[in-house]
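A.B. asks:
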Amino acid sequence: MGDLFSQTLQQLGLTEADVSKGTLRTGDKPGPNYLSTRPEYESALSAKRIIVKSLEQLQSIIGANDSNGGELDIPKPWPASKSGMKTQDLTELDERQLYDALRACLAGRQNEVQSYADILNARYFPMSLSVFTTQDIVVSAGSPLIISPQGHDPVSVTCNTLTLEQGGQIICEAPVILTCNTFIKN
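The opening position of the sequence shown corresponds to residue 0 in numbering that gives the first Met the number 0, with each subsequent residue numbered one higher.
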């Protein structure tokens with residue numbers, strides 16, 4: 000296995016023993032293939048649940064670093080008057096601003112939303128992360144890979160090589176952290 004794959008396993012607190020051996024080929028089974036923790040779907044791989052304790056730990060897992068992070072809505076600084084606010088007292092506008100700040104942090108623009116650090120940790124952490132790991136994934140046309148967790152917590156899919164064949168689809172029904180050493184699009 001390559002460096003990024005091994006590094007990600009280590010950051011997630013996993014070992015090679017936690018990795019499903021072989022290749023997940025969606026074309027081996029007709030119709031959609033799920034990576035899911037929802038009981039109504041048969042998951043192609045078993046999930047390992049880990050607890051992410053802080054925003055800083057999540058940023059480390061996904062490799063968020065200072066970058067331009069694309070076009071995002073950057074909220075106005077979190078008001079000092081709301082410092083120490085209990086999460087149950089957040090308004091709908093507060094929730095939207097927090098979500099925008101979280102997205103900015105995960106896109107590497109944490110320097111622009113530093114005033115949100117404490118309230119983000121209070122609101123979102125600890126967080127449960129479902130992790131699916133395998134050596135390789137091949138996604139074929141007509142057999143999409145659907146990533147569908149129970150609830151809204153993010154999902155991590157980690158593999159050595161991900162091959163997206165012509166017409167293949169990956170459908171994400173939640174925030175997904177996808178880590179692979181090699182991505183091949185045919």
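The beta-carbon is built from N, C-alpha and C at its ideal position, and this holds for glycine as well.
Remember, predicted model here, so these are calculated numbers, not experimental data.
(1) Taking buried to mean at least 16 other C-beta atoms within 10 Å of its own C-beta, is Arg122 buried or exposed?
(2) Is the beta carbon of Val154 less than 8 Å from the beta carbon of Ile146?
(3) DSSP on Ser53, reduced to helix/strand/coil?
(4) Using 10 angstroms around the beta-carbon of Arg187, count the other beta-carbons present and answer buried if the total reaches 16, otherwise exposed.
(5) State the start and end residues of the unbroken beta strand (DSSP E) segment that holds Leu161.
(6) Return helix, strand or coil for Tyr33, following the three-state DSSP convention.
(7) Quick check on DSSP: helix, strand or coil for Gln6?
(8) Val138 and Leu163 - do their beta-carbons sit closer together than 8 Å?
(9) Can you give the Cα-Cα distance for Glu70 and Leu97, rounded to whole angstroms?
(10) Figure out for me which residue from Leu128, Ser53, Asn159 and Asn185 has the closest Cα to the Cα of Thr35.
(11) By the three-class DSSP mapping on this structure, what secondary structure does Ile176 have?
(12) Count the C-beta pairs between the segment 4-18 and the segment 173-181 that are closer than 8 Å, then say yes if the count reaches three, no if not.
(13) Give me the Cα-Cα distance between Asp135 and Thr25, rounded to the nearest whole angstrom.
(14) Just to confirm my understanding: we take Met0, look at its own chain, exclude 5 residues before and 5 after, and list those with CB closer than 6 Å. What are they?
(15) Check Gly21 in the structure and name its three-state DSSP category.
(16) Identify the continuous beta strand (DSSP E) that holds Asp135 and give its terminal residues.
(17) Flag this pair as yes or no: are the beta carbons of Thr132 and Asp17 separated by less than 8 Å?
(18) What's the gap between the Cα of Trp77 and the Cα of Ile60?
(19) Rounded to whole angstroms, how far is the Cβ of Pro31 from the Cβ of Pro148, which I believe are closer than 8 Å?
C.D. replies: Let me spell this out:
(1) Counting from 1 along the sequence shown, the entry for residue 122 is found at position 123. Arg122 should be labelled buried.
(2) The count along the sequence shown starts at 1 and reaches residue 154 at position 155. The count along the sequence shown starts at 1 and reaches residue 146 at position 147. Yes.
(3) Within the sequence shown, numbered from 1, the residue matching residue 53 stands at position 54. Of the three classes helix, strand and coil, the one that applies to Ser53 here is coil, per DSSP.
(4) Here the chain comprises residues numbered 0 to 185, so residue 187 is not present and cannot be evaluated.
(5) Looking up residue 161 in the sequence shown gives position 162. Val154 to Leu163 is the extent of the beta strand (DSSP E) around Leu161.
(6) Walking along the sequence shown from the start, residue 33 turns up at place 34. Of the three classes helix, strand and coil, the one that applies to Tyr33 here is strand, per DSSP.
(7) Here residue 6 refers to the residue found at position 7 of the sequence shown. Reduced to three states, the DSSP call for Gln6 is helix.
(8) As a working note, residue 163 is residue 164 in the sequence shown. As a working note, residue 138 is residue 139 in the sequence shown. Yes, Cβ-Cβ distance for Leu163 and Val138 is below 8 Å.
(9) As a first step, residue 70 must be located in the sequence shown, where it is residue number 71. As a first step, residue 97 must be located in the sequence shown, where it is residue number 98. So the two alpha carbons sit approximately 17 Å from each other.
(10) Numbered from its first residue, the sequence shown carries residue 35 at position 36. This sequence places Ser at residue 35; Thr is not what is there. The residue with the shortest Cα to Cα distance from Ser35 is Leu128.
(11) Taking the first residue of the sequence shown as 1, we reach residue 176 at position 177. Three-state result, Ile176: strand.
(12) yes
(13) The residue given as residue 135 occupies position 136 in the sequence shown. The residue given as residue 25 occupies position 26 in the sequence shown. Between Asp135 and Thr25, the C-alpha separation is close to 11 Å.
(14) Numbered from 1 along the sequence shown, position 1 holds the residue referred to as residue 0. At Met0, the pLDDT of 46 sits below 50, so the modelled position is not reliable; the number obtained from the coordinates is stated separately. Asn159, listed in sequence order.
(15) For the purposes of this step, residue 21 is taken as the residue at position 22 of the sequence shown. Note: Gly21 maps to strand in three-state DSSP.
(16) Working through the sequence shown from its first residue, we reach residue 135 at position 136. First-last of the beta strand (DSSP E) with Asp135: Met126 to Val138.
(17) Translated into positions along the sequence shown, residue 132 becomes position 133. Translated into positions along the sequence shown, residue 17 becomes position 18. Yes, the pair counts as a contact, with Cβ atoms nearer than the cut-off.
(18) Taking the sequence shown and counting its residues from 1, the one referred to as residue 77 is at position 78. Taking the sequence shown and counting its residues from 1, the one referred to as residue 60 is at position 61. Rounded to whole angstroms, the gap between the alpha carbons of Trp77 and Ile60 is 25 Å.
(19) Residue 31 sits at position 32 when you count from the first residue of the sequence shown. Residue 148 sits at position 149 when you count from the first residue of the sequence shown. Contact flag wrong, Cβ pair sits at about 15 Å.
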